[in-house]
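Report on one structure; see the data block that follows.
Protein chains in written order, with our numbering: chain A, 101 to 554; chain B, 436 to 601.
See below:
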């Protein structure tokens, strides 16, 4: 062993032996989860919500993040706030609705009233207190830090944390490539999906970075995709629409020659360490993308409009960037618990564990505000080809990580370690990232251990 | 609304069809189950917590299947590599409070409630909610043209995923 990171030892590596391992205790033990809450979730920037979820002054929603109940609102002056959802008086839950519009929030326990800016407005028994007792020091409690990057609002429980902009580091460029899919602004669509997974939160974050599970876990998706491409190609050709550049026999590399060669030369797939534990990877899409890439699986009637959106994007952001945004799938994993997947639609997902072997997943989809009715419909239909709790992909990921979690029972008997060694090389740092190896996950685990040990 | 709207399809016929559907699903006879549906079928399950009138054209759903994707779902569920349903769950489909709610160009509207229990690998999950069918006559058969299941929960906790057909 040449490297023991942190105490207690949870991540160990040996470059000469070509190994990188993570203790299975990190998925099962309450004391590790307690440490994570203290050292990661109370110090890192955590995704909270999107600007479009608060469309007008007085809009609000309630959301649980990092195990805390919050109110997310736009006050009557238009400022965005995140308050702890509790009364200054005796801690009653001030807002018990999921979403709506409210100029004031009244605690039903003893009737204290707070403005949408959090200020204390009414104590019903004010006469029982000294004069001046009703003041804003007894207002709703604000989350210590609240900042946004291009419409994505994050909170941080550590008042002394670095700025969100510094924290996001290289992930900002990827967020830009999502946000710039719109000429105006992106909007979260109705139908955010919350669901429970019986596994530790880190297993899904890791799964989102894992290159090797795709073909074994998702073979039924690829078979479905091949069927849909065959049927769609026949439909398109019958209508005289050429599908040559999407030849079903073509591998991604062949597609590259037709569509991506100018942009990417010999490379087809990419993965990057974005700093601060974030990573992303990109590869040429082999299916339709609601943002500006028609594919034979879709009715040819959509092609002209998608091509037009692409041309408009080229005019706005340039050819190279438009190609990257429209013709590649993107997976962005932001430390510690945010995933943004841009493939069959855009999925934004967070996950938290209250107990080690469960997580609550919150997920949303987002789209350009100006998108046409027809493409919006297509986007929402396409999302379910793979994504969501009833899609042809996501449930099998869930099965895989739940099965792993079950397998960890008894790991203490034999000191079990997960192996994340593919690609470890004496000449590279442990978090060196290539598309096709497990360095993608080592980016996360290296940062995870650094936080826990600090 | 009339208590007993006029319809070409009697409630007894609708019940026979819907109970048969539940039985075929519980026995995982999915190819036979598909035969109960028309070629222009739609099967919808909105995201939990959404209103009963939300549309798959503007809101994210759990399921919005046309015939091709429904057949693909069945094809997938029959494979050992559909990991989330291998081995298959045991299910009990219960449909109740069924009534003919009306008839229009889309077919005979039948409304009711469902309660589907799913057991797998030591865990039992319940999916319950309201079901809306549109049934049509084709020759001597009554077929399902549209089925929509609105779950009566706000989130899939603890169910997690919906890999069975409701």
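Ideal placement from N, C-alpha and C gives every residue a C-beta, glycine not left out.
Item: Residue 180 of chain A, enclosing beta strand (DSSP E) - first and last residue; Value: 180–184
Item: Heavy atom of the ligand NAD within 6 Å of residue 298 of chain A beta-carbon; Value: You won't find the ligand NAD in this model; it holds no ligand whatsoever.
Item: C-beta neighbour in chain B for residue 490 of chain A, strict 7 Å; Value: yes
Item: Three-state secondary structure assigned by DSSP to residue 317 of chain A; Value: helix
Item: Residue-level contact to chain A via CB, residue 517 of chain B, 7 Å cutoff; Value: yes
Item: Cβ separation of residue 184 of chain A and residue 109 of chain A, assumed to be a contact under 8 Å, to the nearest whole Å; Value: Not confirmed; about 36 Å, so no contact.
Item: Residue closest to residue 320 of chain A, alpha-carbon to alpha-carbon, out of A:504, A:495 and A:551; Value: A:495
Item: Alpha-carbon to alpha-carbon, residue 421 of chain A and residue 233 of chain A; Value: 57 Å
Item: Cutoff 7 Å: residue 564 of chain B Cβ touching any chain A Cβ; Value: no
Item: DSSP state of residue 481 of chain B mapped onto helix, strand, coil; Value: strand
Item: When B:595, B:564, B:578 and B:447 are compared against residue 473 of chain B, the one with the closest alpha-carbon; Value: B:578
Item: Where residue 302 of chain A falls, given that 16 or more other Cβ within 10 Å makes a residue buried; Value: buried
Item: Chain B contact residues for residue 317 of chain A, given Cβ-Cβ distances below 8 Å; Value: 518
Item: Where residue 560 of chain B falls: helix, strand or coil (DSSP); Value: strand
Item: Backbone secondary structure at residue 487 of chain B - three-state DSSP; Value: coil
Item: Proximal residues to residue 200 of chain A (C-beta, below 7 Å), its chain only, five neighbours per side dropped; Value: 160
Item: Interface flag, residue 495 of chain A vs chain B, CB-CB below 7 Å; Value: yes
Item: Chain A residues whose Cβ lies nearer than 9 Å to that of residue 489 of chain B; Value: 290 and 291
Item: The region 114–126 of chain A: positions lying closer than 7 Å to chain B by Cβ; Value: none
Item: Any 3 or more C-beta pairs closer than 8 Å across the region 243–253 of chain A and the region 207–218 of chain A; Value: no
Item: Span of the alpha helix (DSSP H), counted from its first residue to its last, around residue 544 of chain A; Value: 539–553
Item: Cβ of residue 498 of chain B within 7 Å of any chain A Cβ; Value: yes
Item: Between the CA atoms of residue 547 of chain B and residue 536 of chain B - distance to the nearest angstrom; Value: 9 Å
Item: Proximity test, Cβ basis, 7 Å: residue 469 of chain B and chain A; Value: no
Item: Interface flag, residue 492 of chain B vs chain A, CB-CB below 7 Å; Value: yes
Item: Within 7 Å of chain A by C-beta, residues of the region 573–589 of chain B in sequence order; Value: none
Item: Cβ of residue 592 of chain B within 7 Å of any chain A Cβ; Value: yes
Item: Listed by chain order, chain B residues near residue 460 of chain A by CB distance under 9 Å; Value: 590 and 592
Item: Contained beta strand (DSSP E) runs [length at least 3] in the region 234–272 of chain A, N- to C-terminal order; Value: 245–249 and 252–256
Item: Contacts of residue 442 of chain A in chain E (Cβ-Cβ under 9 Å); Value: The structure shown contains no chain E; its protein chains are A and B.
Item: Contact the region 442–449 of chain B vs the region 521–538 of chain B: 3+ CB pairs below 8 Å; Value: yes
Item: With 16 other Cβ atoms within 10 Å as the buried cut-off, status of residue 455 of chain B; Value: exposed
Item: Contact check, residue 271 of chain A vs residue 203 of chain A, beta carbons under 7 Å; Value: no
Item: Backbone CA spacing between residue 180 of chain A and residue 267 of chain A [nearest angstrom]; Value: 20 Å
Item: Span of the alpha helix (DSSP H), counted from its first residue to its last, around residue 307 of chain A; Value: 301–309
Item: Partner residues on chain B for residue 477 of chain A, Cβ-Cβ distance less than 7 Å; Value: 492
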